[in-house]
Structure formats: C-alpha cells, structure tokens
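Residue numbers (the working numbering): 13 to 703. This report refers to the structure that appears directly beneath it.
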C-alpha cells in the first residue's frame with residue numbers, strides 16, 4: 013500500500029530560517045527560538061514542536077501534504093521530520109461535542125492503554141514533563157518552584173521551572189501538566205514578572221486550556237485585604253479557559269513552608285497521575301502516593317539495615333570561578349564546563365578542578381562544616397563542603413551555571429581566599445566578653461552550685477545564636493562591603509545575644525546598649541531582608557537583628573534620620589494605611605532639608621507628584637505636559653531633573669519620550685546618564701521603570 017503523511021514534528025537544532033513557514037504557513041510557525049506546529053492542524057490541539065508526534069487532521073493531510081513535504085525537503089538543517097503511515101490507516105478524528113450547559117474536557121476521558129502495563133510502565137512512558145511557573149516579587153515563589161522541581165523526580169516527573177516573565181501564552185496552553193506558584197504584590201496585584209502573562213491569559217483572545225491539568229499555590233499576607241488574590245485569579249482563570257484542577261488551591265500566609273509542603277505532596281501526586289494526553293488516572297493516585305512516600309531507592313544490608321542510595325546522575329555544570337593574582341594585581345573569571353555527579357559537593361568539585369585542570373586555583377579547604385571555607389555561589393553565602401551540586405540547581409533545563417566568588421566584605425588574598433583580619437579587629441573593638449551578675453543558684457547532687465534559667469529563655473538564646481560561624485554571617489550583609497566602620501551583623505548579633513541573656517550584669521547591658529545605639533552598629537545596616545534569603549543566616553538571625561535594631565531605636569528615642577524615618581513611616585501607615593510622603597520627608601529632613609531640596613530634590617517631588625531625571629531635551633519631547641527642568645553637569649555625567657505635573661496623560665507621554673530623550677543625549681556625546689522615576693503611585697512607578 014502507498015504511504016501517506018501521518019504526522020510531522022521538529023527536532024532540536026532549528027535555525028529559524030523561515031523556509032518552512034514560507035512553504036506551508038498553514039502548518040508551521042517560526043518563533044524566536046525554533047519552529048512550532050500550529051494547533052489548528054493537530055489532533056491534540058497543542059502548539060509546540062510536536063515532540064509527542066501527534067497526528068495531523070485528515071483535511072490538513074489531504075490539502076497540505078505536498079507543502080509539508082516541500083518544507084521538509086527545503087529545510088537547510090533537516091530538522092523537519094515527516095511521519096508516514098499507510099494511507100488506508102487514516103488517523104481518527106477527534107470529535108468535539110458542544111453542549112449548552114456543560115463542556116467535557118480532554119482530561120476527563122477514559123484511561124489510556126498504558127495503565128494496563130502497570131505503574132512502572134505508566135511513569136516511564138510518554139512525556140512526563142511537569143511545567144512549574146512562578147510569579148515572584150521577592151524570590152520566595154521562585155525558590156519554592158525550584159524545590160518542587162527537584163521533588164518531582166520522586167513522582168516520576170521531570171520538573172521544569174518557567175519564569176512567567178516573557179512566556180508565550182500559546183506555548184503554555186499546549187502543556188498537559190502545569191503547577192503555578194504565585195505571590196501577591198501590594199493590594200492584590202500580580203508580581204512584576206507575572207503581569208504580562210496574566211494580561212495575555214485574561215484577555216478575550218486567550219487560547220483554550222482544555223487539555224491541561226493544573227494546581228495553584230498562592231503566597232500572600234493575611235494583613236492585606238486581598239489575601240492571595242493573584243493565586244486566586246490564576247486558579248479561576250485557568251478553570252474558565254477549560255483546564256482541569258486536579259488538586260485544590262492552597263493559600264499561604266507569611267509562614268508558608270508547612271502549607272506549601274502539604275500542597276506539593278498532593279499536587280505532585282495528582283499531576284503524576286496525568287498521562288501525556290492530559291487524561292487523569294484516578295486509580296493510580298494511591299499507588300503513586302505510596303511510591304513517593306517510600307523515598308529514594310534503597311539497598312539492603314546483610315544485617316537487614318536499609319541503606320539509602322545517595323548517588324545521583326551526572327549533570328552538565330558551567331563553573332565560573334573568580335580569580336585574583338596579588339602579584340600582578342589582576343582579576344578575572346575562569347570558566348569550566350564539565351559533567352559532574354549530582355551528589356558531588358561543590359568543595360569536592362573545586363578539589364577536582366585544582367587536581368586535574370589548574371593547580372594554581374586557591375580556595376580555603378577544610379571540613380564540610382568549617383565556616384572558614386564559606387564562599388559565594390550565585391550571590392548566596394554557602395558552605396561548599398555540605399552543598400551538593402544537585403541542590404544548587406534551580407530546576408531549569410540546560411547546563412547548571414554556578415558563579416563562584418569569594419566572600420564579600422573581606423580583602424581578597426588570592427582567588428577565593430579572603431583575609432578575616434577585619435572581622436577579628438571589629439570583634440576586639442566590641443569587647444565580646446560575658447560579664448555575669450550575681451544571681452540565685454541551686455546545689456547539684458555533686459555539691460556544685462549551678463545557676464538556673466527557664467527552658468524558654470534558654471531556647472530563645474540558642475536559636476538566636478544558631479549559625480554557621482561569624483565569618484559567614486558577616487558576609488551575609490549587603491552593607492559590610494561598603495562601610496569599613498560598620499561592625500557587621502555577626503558582631504551585632506553576639507552583642508544582642510549577650511544583652512538578651514538574663515545572666516548578663518546591668519553594667520554590661522548598659523555598655524552593650526551604648527554600642528548597639530551607635531552609628532557603626534545595627535543602625536548602619538541598610539536592609540535586613542537579605543538575611544532571611546541567605547541559607548547560612550535565615551529568619552532566626554534576621555528576627556534577632558530586628559530585635560536589636562528596635563531596641564537601639566527605642567533607646568535613642570527614634571532620633572536621627574534613621575529613627576525618624578521608621579517612626580513617621582509607621583505613624584503614617586498605621587493612621588491611613590498608606591505612606592504619607594509629605595509627612596515622612598518633612599519629619600526626616602526638617603525645614604532646612606526641605607529648603608535645600610526646593611528645586612531639584614524631594615520637596616519638588618512632593619509638590620508635583622512625578623519626577624523624571626533625564627536630559628534637557630525631554631522638555632521639548634513632552635509637548636503638552638507641564639514641565640520644569642533644572643540641569644547639573646558633572647564631568648561626563650549628565651544629571652537633569654525634569655519635574656512633570658499631575659496631568660492624567662503625563663505618565664504615558666513621559667514613558668513614550670524617555671527613549672527619544674536618551675537618543676538625543678547619546679548623540680551629543682553624553683555617555684553616562686542617570687535616570688530615576690519617583691511617583692506616589694507604586695504601580696505607575698513600576699510601569700515607568702520597566703520601560
């Protein structure tokens with residue numbers, strides 16, 4: 013019998029030359045990265061490279077067979093693969109039944125034949141991809157998505173993490189398993205990276221999600237009125253577009269870890285029971301749950317003791333290491349691309365590179381938990397001896413890129429080795445010794461007098477001081493690298509622990525209060541939020557330092573700009589629910605400060621509402637918008653304040669004019685231009701800044 017076309021798909025390696033789209037535009041669509049098979053011509057309705065080799069509709073085969081073959085022949089890199097079948101075995105059509113009240117989605121169809129082959133065959137057959145999307149403002153959702161992608165392998169899934177920013181809604185519509193982790197920003201708004209995709213999903217032209225199985229994890233704060241609104245919006249919209257919710261949405265408060273773990277266990281189980289056609293096999297759910305709870309593969313010892321298998325598959329790693337030569341006073345980056353077992357620690361990887369590739373590579377070697385070995389990996393302070401390569405992965409496809417740098421805040425000796433001498437001097441300046449007071453004691457059975465302390469107090473002190481050494485904690489601050497006089501979070505934490513210890517004498521408490529209230533102690537820390545994101549610091553350390561700063565502000569009577577800013581920020585927020593910029597800056601700057609900023613600073617911003625810092629030429633570009641301009645030229649740095657009125661269309665006209673104004677500045681030879689946007693409307697500011 014004659015052979016005819018059954019399907020067509022695109023292999024990797026497409027150079028996006030448009031030859032296929034020119035030959036058969038009804039079938040092929042070239043994107044920025046590859047070529048997709050259009051959803052209108054496929055039986056499964058997907059929009060991707062058709063890796064599943066879904067059949068083409070019969071009318072498409074009859075009409076465009078010659079064009080498809082011409083496109084395959086004309087492909088310069090031969091990535092268009094045509095699947096042929098006997099002409100009398102025409103692929104069955106998928107009939108769509110329209111009902112007035114109910115709509116049956118593809119996910120509710122009968123189980124596929126693969127179920128009969130057993131659970132193992134089901135979990136290893138077909139496409140097992142789980143697409144995890146994150147919408148994140150502070151990084152919490154991204155971190156959770158990465159963790160879930162790593163856990164997906166226990167459920168027979170291949171977790172792939174997608175940033176919502178710039179993602180194509182049509183590509184999302186072709187996916188069969190989708191998990192969404194999304195936080196809520198401000199008053200029920202989407203995070204910045206999720207806004208564009210949400211607008212595409214909520215539009216009237218959004219594609220159907222009929223073949224998708226999904227579940228949503230929402231992060232929020234119950235102190236806001238629209239709690240977890242972004243996650244609720246995604247959950248409802250996907251259902252409206254025809255997707256099937258296989259696990260209920262979970263809304264998490266600021267302490268989200270426990271609830272997120274419970275959601276992941278249920279969502280991963282249910283999504284694992286979805287086959288590559290989008291069908292849910294409920295009869296496999298219990299078996300998958302039992303398999304996942306059983307953990308990783310194990311080996312039985314002779315004595316019956318079960319040994320966990322800690323080995324992992326090899327991963328492609330791109331290791332970029334900071335290098336510094338003190339003799340030549342030169343620095344740079346050396347990059348190694350290598351295949352490493354996932355269970356190998358980063359310290360073992362550095363040892364292997366030093367042993368086999370570059371013997372001059374310098375780093376501090378030691379025991380796995382030695383804080384002196386700490387380094388910076390992708391901006392996070394890490395102990396390389398306890399960090400396995402696989403745990404550093406973010407779950408995204410492709411090679412794992414690791415940027416390895418020395419600890420910030422210290423002088424670099426060579427490569428990744430630093431000098432801790434500056435921290436030692438600061439600890440000496442702070443006099444971190446303990447001075448006890450006279451207190452009650454009990455006599456032990458051995459006749460020794462022992463002081464007493466409540467269990468709650470002891471637990472609190474231990475939790476505050478539980479960290480991986482002062483050297484690593486000192487580098488977790490974003491401020492130490494820019495302030496030589498700042499004592500650092502490590503010294504401040506030690507002082508606060510001793511100040512909170514009920515055994516400390518009253519005189520020593522007063523000395524510590526004086527140190528903590530100084531300008532070189534905790535008040536010099538600009539932002540404590542990064543502490544919680546650092547694995548070697550965490551929320552306990554952040555909370556303790558917050559307590560130290562609060563006490564320092566209280567003892568100082570909220571004097572100074574730092575104290576006044578905190579005081580009036582809290583006052584305006586509590587009284588109105590919004591930050592009153594006028595009151596805030598008036599109290600912080602004082603009358604003289606306001607007068608000094610009358611023409612080009614915050615005073616003008618309070619009066620006009622919107623300030624843009626651009627070139628003088630923007631005055632002419634803005635047209636009808638009311639604009640005043642004050643220019644300052646410092647060498648080759650152009651700094652010009654453009655103060656715009658509160659006209660309703662001002663923000664739009666300003667946004668459109670920014671690029672034109674910058675082009676003029678560049679053409680006149682200005683190479684450094686400072687651009688700033690200040691507006692009381694946070695969402696407007698975000699939109700302006702994004703352009």
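We put the CB at the ideal spot given by N, CA and C, even for glycine. Keep in mind it's a predicted model, so treat the numbers as computed, not measured.
Going by Cα to Cα distance, which pick from the options is closest to residue i?
i, options, result
"residue 333", "361, 219, 80 and 535", "361"
"residue 567", "535, 525, 549 and 559", "525"
"residue 64", "88, 52, 75 and 20", "20"
"residue 277", "24, 341, 260 and 199", "260"
"residue 416", "409, 401 and 294", "401"
"residue 433", "423, 442 and 427", "423"
"residue 397", "51, 515, 170 and 384", "384"
"residue 87", "70, 262 and 26", "26"
"residue 392", "176, 549 and 163", "549"
"residue 158", "168, 174 and 166", "174"
"residue 137", "288, 269 and 331", "288"
"residue 498", "408, 262 and 535", "535"
"residue 32", "84, 495 and 285", "84"
"residue 340", "154, 466 and 425", "425"
"residue 47", "501, 145, 89 and 491", "89"
Per the DSSP calculation, residue i is bridged to which residue(s)?
i, result
"residue 256", "225"
"residue 174", "145"
"residue 346", "333"
"residue 195", "231"
"residue 387", "394"
"residue 167", "Residue 167 pairs with nothing; no bridge assigned."
"residue 405", "Note: residue 405 sits in no beta bridge, so no partner."
"residue 374", "DSSP, once it has assigned bridges, lists no residue as partnering residue 374."
Just the C-alpha distance for residue i and residue j, rounded to the nearest angstrom, thanks.
i, j, result
"residue 1", "residue 378", "Nothing in the structure corresponds to residue 1, since the chain is present only between 13 and 703."
"residue 283", "residue 376", "44 Å"
"residue 45", "residue 351", "25 Å"
"residue 131", "residue 299", "8 Å"
"residue 210", "residue 271", "25 Å"
"residue 60", "residue 243", "26 Å"
"residue 751", "residue 421", "Past the boundaries of the shown model lies residue 751; the chain is included only from 13 to 703, so the question cannot be answered."
"residue 239", "residue 203", "14 Å"
"residue 438", "residue 275", "45 Å"
"residue 347", "residue 181", "35 Å"
"residue 308", "residue 404", "Model confidence at residue 308 stands at a pLDDT of 43, short of 50, so the residue's coordinates are unreliable; what they give is reported in the following sentence. So the two alpha carbons sit approximately 19 Å from each other."
"residue 472", "residue 151", "28 Å"
"residue 445", "residue 195", "44 Å"
"residue 450", "residue 514", "11 Å"
"residue 69", "residue 55", "6 Å"
"residue 237", "residue 552", "27 Å"
"residue 474", "residue 502", "15 Å"
"residue 301", "residue 294", "11 Å"
"residue 78", "residue 57", "22 Å"
"residue 546", "residue 418", "15 Å"
"residue 24", "residue 62", "11 Å"
"residue 162", "residue 387", "23 Å"
"residue 462", "residue 470", "14 Å"
"residue 408", "residue 414", "13 Å"
"residue 569", "residue 495", "24 Å"
"residue 114", "residue 256", "Reliability of the predicted coordinates at residue 114 is poor, the pLDDT of 36 falling under 50, and the value obtained from them is presented with this limitation in mind. Cα to Cα, residue 114 sits roughly 14 Å from residue 256."
Would you mind giving the Cβ-Cβ distance between residue i and residue j, rounded to the nearest angstrom? I have them listed as a contact below 8 Å.
i, j, result
"residue 36", "residue 80", "5 Å"
"residue 191", "residue 226", "7 Å"
"residue 435", "residue 380", "Wrong, their Cβ atoms sit about 22 Å apart, outside the cutoff."
"residue 476", "residue 533", "Wrong, their Cβ atoms sit about 16 Å apart, outside the cutoff."
"residue 248", "residue 222", "So it is not a contact: roughly 16 Å between Cβ atoms."
"residue 330", "residue 412", "7 Å"
Within this structure, are the beta carbons of residue i and residue j separated by less than 8 Å?
i, j, result
"residue 250", "residue 189", "no"
"residue 544", "residue 554", "yes"
"residue 224", "residue 147", "no"
"residue 258", "residue 229", "no"
"residue 160", "residue 171", "yes"
"residue 537", "residue 489", "yes"
"residue 281", "residue 297", "yes"
"residue 197", "residue 155", "no"
"residue 267", "residue 232", "no"
"residue 208", "residue 177", "yes"
"residue 185", "residue 214", "no"
"residue 343", "residue 448", "no"
"residue 366", "residue 359", "no"
Looking at the ligand SAH, does it come within less than 7 Å of residue i, judged from the CB to the closest heavy atom?
i, result
"residue 391", "Among the components of this structure there are no ligands whatsoever, and the ligand SAH is therefore not found."
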